[in-house]
Each structure stands twice: as C-alpha cells, then as structure tokens.
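I have placed the structure first, in the form of structure tokens, so that the comments after it can refer back to it.
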Amino acid sequence: MAAVEANKIIFMGTPNYAVPALNALLAKGFPIAAVYCQPPRRAGRGKKHRPSAVQCCAEAAGLKVLTPLSFRGKAEQQEFGAFQADLCVVVAYGLILPKVLLEAPRLGCINAHASLLPRWRGAAPIHRAIMAGDTETGVCIIQMDEGLDTGPVLRSERLAIDAQCDGGKLHDRLAVLSASLLAETADQLCRGTAAVPVAQTGEVSYAAKIDKAETQVDWNRPASELANLVRAFSPTPGVWFLHGEERIKLLVAQTADAMAAPPGTVLASDGMTVACGGGTALRLDHLQRAGKGMMPAEEFLRGYRISLGEILPCPATN
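Here the sequence shown is numbered in the numbering used here, starting from -19 and rising by one per residue.
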C-alpha cells in the first residue's frame, strides 16, 4: 500500500483559491476523512445562503463536509479529534485553529500561504504584494503553530510579478503553485521524507484584510501607487471613483506624463488622463459603469460625458 493511501487527511479551506489544492490531494490518492469550510454566506440579489467553492467541490466528490462557526466549543474540538487524522492541510480556511486542533493530527497541521514569509503574513497577501509594487512573491508551506502565519517553513517557491499581472491573474497562478507544493509536501510528510522545517527569518510585514474604504480612488496619491492599487483590485473588488452621483469602476490604468494641475483634474478626455498627487498623472484605460460591461476609455466616453478640466472628487477625510 502506498504511503499516501495509509494516511488520513483533514482538509480545511473555503474559497476558489483552495479548490486546486483539494483536487491535487485527491489526485494523489489521499483518503480525505473530512473537509472543513466556513459556513454558507448570504450572497447575490436574493441574499440566499450559498455554499463556498470548496464545499461545492467536496460534496461533488462525495466527501464529508463540516461548517462550524468556530472551534471554541468542546463538541467541535472533539469531533475534529475523533477523525484521528494523520495530517491536517489548511488553505485559505479563514478561521483560527486552537492549540488542541493543531496538536490532534499525528503529523500536525500544514498551511499553504501565498507569500514569501515572513513578508505579508495575514489575510490579503496577494493584494498587498501588488499594492506595494513587489516584483516577486511565492508560496510557503508552513508547519502551523498558534501564531498568525508564524510557523517554520517546510517548502517554498518564488513567483515573479510582472507589470501586467493583476490580482486575478496572480491569484490563479498562486493557487496552482500552492496546490502542487502542498500535495508534494503532504506526500513527503506521510512517507517520512520531508525536509526539516526552517524558522522564518527577515523583516516581517502584515497583509491586513482589505477595507472597503481602500477601494475608492484618492487622486491625492501618486499615480504609481494608484496604478498598483488598480492592478491589485482587478478584477475584484475593483477600485472606483465618483463622477457626480455615479460610481465608476476603474479596472486598468497606468502612469502617464505629468502635467501641473490639481489632483483629480481631467487632463485629457480622449484617453481619460487624470492629475494625481505629486505632479503625477494616471491614464484610465478600462472603465465600467454599474450594470454595464468593462470598456476601453475611448469607447466608454462615447456614451458617457466627462469633460476636459473637470475635477473628480477625492474621498472625504475626517
């Protein structure tokens, strides 16, 4: 019997990002004792409860799915321990695991984190890396401890971030990389051939959860920062600016030649260039109105008037 077939796995994950990892474990022949996801959330116009992407994938594969609100209760902790798993694999689950869970599996718990730790510990490493203008990121497989992404690293691999890479593209690339590294590491742990985990070293930075207020364009910021912000939040959640009473989503933008003008001033209406902080300028390449499709700026402006010299508002400050 192959080593992977003799070891029971608990998988914990919730969004689309974690689906390739679950599929990779199944493809390797790991018996999945249970899959844990966050509970279904209300979504869509009807605000109906919708199961997560991982829950849908697991149920389609005939796997047992559990969706506890937390692990503070004894009942949830005992239920987890009763599976007598050899290894717990965690990918973008979204809940903190208490010590009793971390110590329950024979081989412990491992996590695939979408950054080169200790850079960008926390909830939004993909967005924060692009926002900061990082030129590379990667995936670390860590042995989990009680800290926030502080565990020692078992495996890591780097991935370049080019100037055209937005949040959606980087998300998909890292999801595939996470899946392959995680499946290989789980296999090595079960066979007893895994590398000794290495403590994280270097400067620590934190990837805080994205706040809705961050998605509004502040023209007072330099154009380079705004270009990175647009890339980070494209295609979702998308950044936006106000024109009159209407929110307009900005999905593709790049820095442009600077012109002296107050931040928010529309400098060119044919390709939609706007003055930004520090004497910089941003060219708005693709825009979207509510309920409409994304359009190149030239096409957008044929059906929606934004005049040369207008000053677009910045977010209100307290």
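From the three backbone atoms N, C-alpha and C, an ideal C-beta is built for every residue, glycine too.
Assumed close pair residue i, residue j - CB separation to whole angstroms, cut-off 8 Å
{"i": "VAL232", "j": "SER214", "result": "7 Å"}
{"i": "LEU157", "j": "VAL119", "result": "5 Å"}
{"i": "ALA94", "j": "LEU154", "result": "5 Å"}
{"i": "VAL71", "j": "GLY(-7)", "result": "4 Å"}
{"i": "LEU267", "j": "LYS229", "result": "7 Å"}
{"i": "ASP114", "j": "ILE141", "result": "6 Å"}
Given residue i as reference, the closest of the options once Cα atoms are compared
{"i": "GLY289", "options": "PRO276, GLY244, ASP125, LEU46", "result": "GLY244"}
{"i": "GLN234", "options": "ARG101, LYS27, GLN144, ALA72", "result": "GLN144"}
{"i": "PRO98", "options": "SER160, VAL69, LEU128, TRP220", "result": "LEU128"}
{"i": "ASN(-13)", "options": "LEU264, LEU139, GLN168, SER204", "result": "GLN168"}
{"i": "TYR(-3)", "options": "SER160, ALA241, PRO242", "result": "SER160"}
{"i": "MET239", "options": "GLU225, GLY257, LEU230, ASP142", "result": "GLY257"}
{"i": "PRO276", "options": "THR253, CYS294, MET124", "result": "THR253"}
{"i": "THR216", "options": "GLU225, THR195, GLU226", "result": "THR195"}
{"i": "ALA33", "options": "ALA163, GLN123, HIS223, PRO0", "result": "PRO0"}
{"i": "PHE221", "options": "LEU292, GLY113, ARG171, ALA270", "result": "LEU292"}
{"i": "ARG227", "options": "LEU206, GLY251, ALA270", "result": "ALA270"}
{"i": "ALA175", "options": "SER204, ARG135, GLY113, HIS223", "result": "ARG135"}
{"i": "GLY259", "options": "PHE60, SER204, GLU225", "result": "SER204"}
Contact set for residue i: own chain, Cβ-Cβ below 7 Å, skip 5 residues either direction
{"i": "VAL45", "result": "VAL15, CYS17, GLN35, ALA38, GLU39"}
{"i": "CYS294", "result": "ASP198, TRP199, ASN200, PRO243, GLY244"}
{"i": "ALA23", "result": "ARG30"}
{"i": "GLU279", "result": "none"}
{"i": "LEU209", "result": "MET111, VAL219"}
{"i": "ALA92", "result": "ALA1, VAL71, VAL119, ILE121, SER158, LEU161, LEU162"}
{"i": "MET(-19)", "result": "In this prediction, MET(-19) scores a pLDDT of 41, lower than 50, which makes its location untrustworthy; the coordinate-derived value is nonetheless stated afterwards. Nothing meets the Cβ criterion."}
{"i": "LYS311", "result": "No answer is possible for residue 311: it lies beyond the span of the chain, which begins at -19 and ends at 298."}
{"i": "ALA41", "result": "LEU6"}
{"i": "VAL178", "result": "PRO132, VAL133"}
{"i": "GLY74", "result": "THR(-6), GLN18"}
{"i": "ASN298", "result": "For ASN298, the predicted structure reports a pLDDT of 44, less than 50, and the residue's modelled location is therefore unreliable. A value from the coordinates is still provided. No residues qualify anywhere along the chain."}
{"i": "ALA104", "result": "ALA187, ALA188, LYS189, ILE190"}
{"i": "GLY61", "result": "ALA84"}
Boundaries of the beta strand (DSSP E) in which residue i is found, first to last residue
{"i": "LYS28", "result": "28 to 30"}
{"i": "GLU226", "result": "226 to 236"}
{"i": "CYS120", "result": "116 to 123"}
{"i": "LEU206", "result": "Not the beta strand (DSSP E): LEU206 falls in the alpha helix (DSSP H), residues 203 to 212."}
{"i": "THR253", "result": "253 to 255"}
{"i": "GLY(-7)", "result": "-11 to -7"}
{"i": "ARG99", "result": "No beta strand (DSSP E) holds ARG99; DSSP gives it neither H nor E."}
Proximal residues to residue i (C-beta, below 6 Å), its chain only, five neighbours per side dropped
{"i": "ARG211", "result": "ILE110, ASP146"}
{"i": "ARG101", "result": "LEU128, ASP129, TYR186"}
{"i": "HIS151", "result": "ILE106"}
{"i": "ILE12", "result": "ILE(-11), PHE(-9), LEU43"}
{"i": "ALA255", "result": "ALA241, PRO243, THR245, LEU247, ALA261"}
{"i": "ARG282", "result": "none"}
{"i": "PRO(-5)", "result": "ALA33, ALA72"}
{"i": "THR47", "result": "CYS17, PRO19"}
{"i": "ARG108", "result": "TRP100, ALA187"}
{"i": "GLY148", "result": "PRO215"}
{"i": "MET124", "result": "LEU82, CYS89, ASN91, GLY131"}
{"i": "GLU126", "result": "LYS79"}
Own chain partners of residue i with C-beta closer than 8 Å, once the 5 adjacent residues on each side are dropped
{"i": "ALA166", "result": "VAL(-16), ILE(-11), LEU5, LYS8, PHE10, LEU67, VAL69, ILE90"}
{"i": "PRO85", "result": "ILE(-10), ALA65, ASP66, LEU67, CYS68"}
{"i": "ALA138", "result": "It is Arg, not Ala, that sits at residue 138 in the sequence shown. Within the same chain, ARG138 has close Cβ partners LEU96, GLU116, THR117, GLY118."}
{"i": "ALA296", "result": "none"}
{"i": "GLY182", "result": "PRO98, ARG99"}
{"i": "ALA193", "result": "PRO295"}
Start-to-end residues for the alpha helix (DSSP H) that takes in residue i
{"i": "LYS54", "result": "54 to 62"}
{"i": "ASN91", "result": "First-last for ASN91: 89 to 93, but that is the beta strand (DSSP E), not the alpha helix (DSSP H)."}
{"i": "MET111", "result": "105 to 111"}
{"i": "GLN168", "result": "147 to 171"}
{"i": "GLN35", "result": "33 to 40"}
{"i": "LYS278", "result": "According to the sequence provided, residue 278 is Glu. The question's Lys does not apply to it. First-last of the alpha helix (DSSP H) with GLU278: 277 to 283."}
{"i": "SER136", "result": "It is not in any alpha helix (DSSP H) - SER136 instead sits in the beta strand (DSSP E) that spans 133 to 140."}
{"i": "VAL(-1)", "result": "-1 to 7"}
{"i": "LEU299", "result": "No information on residue 299 is available, as it lies outside the stretch -19 to 298 that the chain covers here."}
heavy atom of the ligand GTP below 8 Å from residue i C-beta
{"i": "LEU46", "result": "Among the ligands in the structure shown, none appear at all, so the ligand GTP cannot be discussed."}
At least three beta-carbon pairs within less than 8 Å, the segment 73 to 81 to the segment 36 to 52 = yes
Check whether the segment 272 to 288 touches the segment 184 to 195, taking contact to mean three or more Cβ pairs, one atom from each stretch, closer than 8 Å.
-> No, the segment 272 to 288 is not in contact with the segment 184 to 195.
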